[in-house]
Amino acid sequence: MRTPRFPAPRFPVPRVPVLACVALLALIPLLSGCLTRSSTVGDQFSGFIVVAASPNVGPAAPTFDVPASIAGSVSVTPYPGDAAVERPSGGNPNAITGKVGSQLTFTNLTTGQFSQLGDIISSALDAGATITLGATRRGEIVRVRGTATLTGLTPQTYYVSITVEFGGTVVATNGTTAGESAVTWIPEPGQSDEFNADAKYADPATAAMPGWTTFLALLCLGIVALVGAIAYRFRDRSARYVPSGAERVADRPGFVTKLGDFAQRQKAKRAHGRATSTADAATGDGSTGSGAVGADTDAADRD
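For what it's worth, the working numbering labels the leading residue of the sequence shown as 26, then goes sequentially.
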């Protein structure tokens, strides 16, 4: 008959620490998204553009047609005017004299938005003008490249200037630098020109990665420590149940029991055989000794 077994008492595990661990583990995949490069937050560009023309060119001064996609990041004001910035240095100082037009100021444009500025400038000029602008990043270098085809514009009649401010130090350019992070280009009407500038600074989209990596590492270590502390605090301290020999035998499968009985019988037979052999050998030695004594007695009688 088997002895009934009773399960060891269990200590209740508090729900709050367990739920906290589950919540932290669920946040790890979400926080890991911060370690990847963002597609919407990266290099940003600020600056201003001036387009002006002589009053006799047309009834209206040149102006900018800003698309709705970047309307929140740019502002357009008359030029010259109270909000106009100082005249960019370089080029012909008399090129802007007597001309009127518009000034477009842009702030924190993304790379994609920055590339739209070329079409905006082209639309503000006559059909004979085409301007392209674009920006790319390679490692820690941000490159601005562009072209200005102003062969359809009458010289001394139009004025165009483009100023771009980078997020870091300008290391190479064919324009005129203003400080360490701004470059100005003033293409000549009636000619074709190219823009290029290289600035060196870390990518804002991934600059915070070391901090996030450290934070996630500490978070994971904290979760592991919390789980270990909970497991140790609420471990099973009850005495371990050790079954008796009879219970272990009773719990064995039938064929194991039969094999054990067979082994025991074989062992008993071998032990009995060895005992019998030893007894027979002892009996034989005794008979031989008695015969020898009898023979000695007969010889003595004859003498």
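The beta-carbon is built from N, C-alpha and C at its ideal position, and this holds for glycine as well.
Out of curiosity, what's the CA-to-CA distance linking residue i and residue j?
| i | j | result |
| --- | --- | --- |
| V101 | T130 | 6 Å |
| A293 | A304 | 17 Å |
| T179 | A173 | 14 Å |
| A264 | D286 | 33 Å |
| A288 | V267 | 26 Å |
| N133 | A242 | 33 Å |
| E190 | A224 | 10 Å |
| T135 | T161 | 11 Å |
| T65 | A256 | Confidence is the limiting factor: at T65 the pLDDT is only 47, short of 50, which leaves the residue's position unreliable, though a coordinate-based value still follows. C-alpha separation (whole angstroms): 43 Å. |
| Q141 | Y183 | 21 Å |
| E205 | R168 | 15 Å |
| L163 | R258 | The question names Leu, but residue 163 is Arg in the sequence shown. So the two alpha carbons sit approximately 53 Å from each other. |
| S302 | L284 | 27 Å |
| S217 | L175 | 6 Å |
| R262 | T239 | 37 Å |
I'd like the span of the beta strand (DSSP E) that includes residue i, first residue to last.
| i | result |
| --- | --- |
| Q128 | V125 to L134 |
| D144 | Premise fails: D144 lies in the alpha helix (DSSP H), L142 to A149, not in any beta strand (DSSP E). |
| D218 | S217 to K225 |
| T176 | Per DSSP, T176 belongs to no beta strand (DSSP E) and is neither H nor E. |
Can you find a CB in chain B that lies within less than 8 Å of the CB of residue i?
| i | result |
| --- | --- |
| A96 | Among the chains of the structure shown, chain B does not appear; only one protein chain is present. |
Closest by CA to residue i, which one among the options?
| i | options | result |
| --- | --- | --- |
| S127 | T179, P212, F73 and D144 | F73 |
| T202 | K225, T188 and D151 | T188 |
| D68 | D286, D228, V267 and R290 | D228 |
| I95 | K124, P103, Q138 and A85 | Q138 |
| G177 | R295, I156, T161 and E165 | I156 |
| S79 | G171, P214 and I166 | P214 |
| Y226 | V252, L244, V208 and V196 | V196 |
| I166 | A154, A222, V75 and V91 | A222 |
| W210 | G97, D261, G171 and S302 | G171 |
| I145 | F259, V169, V75 and F89 | F89 |
| S71 | V249, V208, C245 and Q216 | V208 |
| L4 | V76, Y104, L251 and R262 | The displayed coordinates of the chain run from 26 to 328. Any statement about residue 4 would go beyond what the structure contains. |
What residues match up with residue i in a beta bridge as DSSP calls it?
| i | result |
| --- | --- |
| V99 | F131 |
| A78 | V125 and Y183 |
| R163 | I166 |
| F70 | L134 |
| A293 | Partner(s): none; A293 has no beta bridge. |
| V208 | V189 and T202 |
| A197 | D223 |
| T155 | T174 |
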